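Report on one structure; see the data block that follows.
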Amino acid sequence: MPVTHQTQDSDPRRCVAITGASGALGQALLRGWHRRGARLIALTSSQEPLRICGAEGEPIPLEQIHWQVGAEHHLAATFALVDVLVLNHGVNVHGQRDAAATALSLDVNALSSWRLLELFAEGAAARPQGRCRPEVWVNTSEAEIEPAFSPLYEISKRLLGQLLSLRALDLGRQLRIRRLVLGPFRSALNPVGPMAAEFVAGQILLQARLGLNLIIVTPNPLVYLLMPLTALGRWLYYRLLTRSGC
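By the count of the working numbering, the sequence shown reaches residue 374 at its end, each step adding exactly one.
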């Protein structure tokens, strides 16, 4: 199924594409990038037109593209224009554990992000010299290492984190990869999250501006200790036991 373009912004500035754009964090990130003067592409599975307003209530110009999990290859042409890809989509089936819920969680939370990462890296390798180094920001969440009271969410996010650590050994030559490890924030997936999505988005952009590749935003102090150790341990383990490839 081809992607659907709903609006077009001709601004030639840095181009940022965000999946899960219709969610609370996706919209907050779009507003944050807008303040930084970026050209925006909202990648969403929703068919509804996405209207996001700035601080003064003015509509933010963006291009909205409809995509579906399993049809990631249709985004190849779009990715040729993108400088920063933020992989932010996800699903939470909460207490379900049947085969359909398992397949949905793995495909949406882990495998689709892995496919998009590989697709974006493939396009980045073919880019002409002189363009800024492309970046991928991957929202793995603190469910990588902490309970989220949703077993399939934890399993799928941990798989995504493991795949990211493994593939970063090779794809890091072509891309700058940033890992977003986020604690609970208020959204449709978690309406009782203690953090506001706008606060989380602001912290993400601040830490990125500071040059961090491991971006952590959570009220849980243990994550700030455990996540760097986990990332380092994976890096050593995969580097020792795997071979370099494309």
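Glycine is no exception: its CB is placed at the ideal position from the N, C-alpha and C atoms. Note that the structure is predicted; figures quoted are calculated from it, not measured.
Straight through space, the alpha carbons of R225 and E186 are spaced by roughly 43 Å.
Between the region 241-254 and the region 188-205 there are three or more inter-stretch CB-CB distances shorter than 8 Å, so the stretches are counted as touching.
Residue state for W242 is assigned as helix, using DSSP reduced to three classes.
Within the region 258-333, the runs of alpha helix (DSSP H) that reach at least 4 residues and sit entirely inside it are, in chain order, 279-299.
Annotation for A170: the continuous beta strand (DSSP E) segment containing it runs R167 to T172. In the three-state reduction of the DSSP assignment, Q192 falls in the strand class, which pools E and B.
Secondary structure note for A149: it is in no beta strand (DSSP E), with a DSSP letter that is neither H nor E. When secondary structure is reduced to three states using DSSP, P349 falls in the helix class. The beta carbon of S240 sits closer than 8 Å to those of V197, G198, E200 and H217, all from its chain and outside the five residues before and after it, given in chain order. For the 9 Å CB-CB criterion, G151 and A316 form a contact. For L232, the enclosing alpha helix (DSSP H) has its first and last residue at A227 to L234.
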